[in-house]
Amino acid sequence: MDLLENKVAIVTGAGSGMGKAISQLFASKGATVIASDINEERLSELATDKIIPVVANVADENDVSKMFDKAKELGHLDILVNNAGIMDSFKTVANLDDATWQKIMDVDLNGPFYTTREAVQMMQGQDQGGVIVNVASIGGLFGGRGGCAYTVAKHGLIGLTKHVAAVYGYNGKIRANAIAPGGVATNITDTIKDVDPDGVKVAMSFGENLPIGDPDDIAQLALFLASDNSKFINGAVVTADGGLTVR
Ligand SMILES: NC(=O)c1ccc[n+]([C@@H]2O[C@H](COP(=O)([O-])OP(=O)(O)OC[C@H]3O[C@@H](n4cnc5c(N)ncnc54)[C@H](O)[C@@H]3O)[C@@H](O)[C@H]2O)c1
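In case it helps, the working numbering puts the sequence shown at residues 46 to 292.
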């Protein structure tokens with residue numbers, strides 16, 4: 046039996062990078078994946094009999110409901126992967142405008158809040174419970190790996206992970222864990238524009254030769270955390286950065 050056979054998963058930000066790798070890996074392991082993204086073109090390339098594309102902006106509650114309507118149609122939701130995210134061009138607090146702060150909060154923190162609320166409501170009513178995997182960042186663990194808004198949002202996402210794990214996971218019914226990737230080769234660089242040199246200086250202060258991972262490195266970890274193989278792991282933040290932050 047495949048690791049995720051008969052499971053239904055929602056993956057946000059599925060059109061590119063880690064979300065794409067996670068969706069394809071989960072589908073190859075037997076899951077039906079509701080793959081959501083704001084980028085319709087990228088999503089349509091992903092569609093198969095196991096991957097159902099739903100165009101949705103995680104920052105929009107009505108769009109989020111569309112993903113969950115699809116899960117309700119399928120009868121259950123076993124896995125939610127909060128992966129969609131954008132960067133803030135390393136803007137330090139003194140140089141951060143309201144619009145950038147708001148946009149990062151909307152996508153990187155409010156989005157996971159909306160999806161998690163719906164997922165927990167659905168999973169609570171299921172005998173088998175469910176699993177939530179949040180793609181945070183090493184920026185969610187340290188002060189200088191992103192700009193101000195990204196750092197705050199990713200710390201918040203780790204807080205959301207721990208809240209769900211503590212409140213709903215004590216009996217193992219709904220588990221929630223976070224992944225904290227370091228540098229991974231994806232299209233997220235498209236969201237970096239007009240960088241703040243002060244923020245970049247701090248982010249780069251730990252060295253020039255950063256280890257860079259592949260989206261599949263993160264997908265393999267997401268698979269483990271989403272599967273019953275990790276059934277005793279709840280409320281954890283697993284770093285996947287090639288050793289960057291160990292030094
Ligand atoms: N790449 C890295 O080095 C790195 C490091 C640490 C953490 N992360 C995190 O990994 C996650 C995935 O990023 P990635 O690197 O694969 O980037 P990516 O840009 O390749 O993919 C992100 C996807 O999210 C989608 N997206 C953006 N805003 C959205 C919204 N409002 N609603 C729905 N979808 C939206 C994009 O269209 C894109 O397809 C993000 O949360 C990011 O913060 C990335």
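Where a beta carbon is used, it is the ideal one built from N, C-alpha and C, also for glycine.
So for residue i, helix, strand or coil by DSSP?
i: Asn140; result: helix
i: Thr93; result: coil
i: Val103; result: coil
i: Leu125; result: strand
i: Val178; result: strand
i: Ile149; result: helix
i: Asn36; result: There is no way to answer for residue 36, as the model of the chain reaches only from 46 to 292.
i: Val240; result: coil
i: Asn155; result: helix
For residue i, write down the residues that DSSP places opposite it in a beta bridge.
i: Gly258; result: Val229
i: Asp82; result: Val100
i: Ala66; result: Bridge partners of Ala66: none, in fact.
i: Val56; result: Ala80, Val126
i: Asn274; result: BP columns for Asn274 are empty, so no partner.
Is residue i close to ligand 1? I mean its beta-carbon at under 7 Å from any heavy atom of the ligand.
i: Ala129; result: yes
i: Met63; result: yes
i: Ile97; result: no
i: Val229; result: yes
i: Ala104; result: yes
i: Pro256; result: no
i: Asp261; result: no
Would you check if the distance between the CB atom of residue i and the CB atom of residue j is smaller than 8 Å?
i: Leu122; j: Ile183; result: no
i: Ala248; j: Gly201; result: no
i: Val126; j: Val209; result: no
i: Ile96; j: Met168; result: no
i: Met132; j: Ser81; result: no
i: Val53; j: Thr77; result: yes
On the premise that residue j lies in contact with residue i, defined as a C-beta separation below 8 Å, what is that separation, rounded to the nearest angstrom?
i: Thr256; j: Gly62; result: Residue identity check: residue 256 is Pro in the sequence provided, not Thr. With 8 Å as the limit, Pro256 and Gly62 do not qualify as a contact, their Cβ atoms being about 17 Å apart.
i: Val282; j: Ala221; result: No, Val282 and Ala221 are not in contact; Cβ-Cβ is about 11 Å, not under 8 Å.
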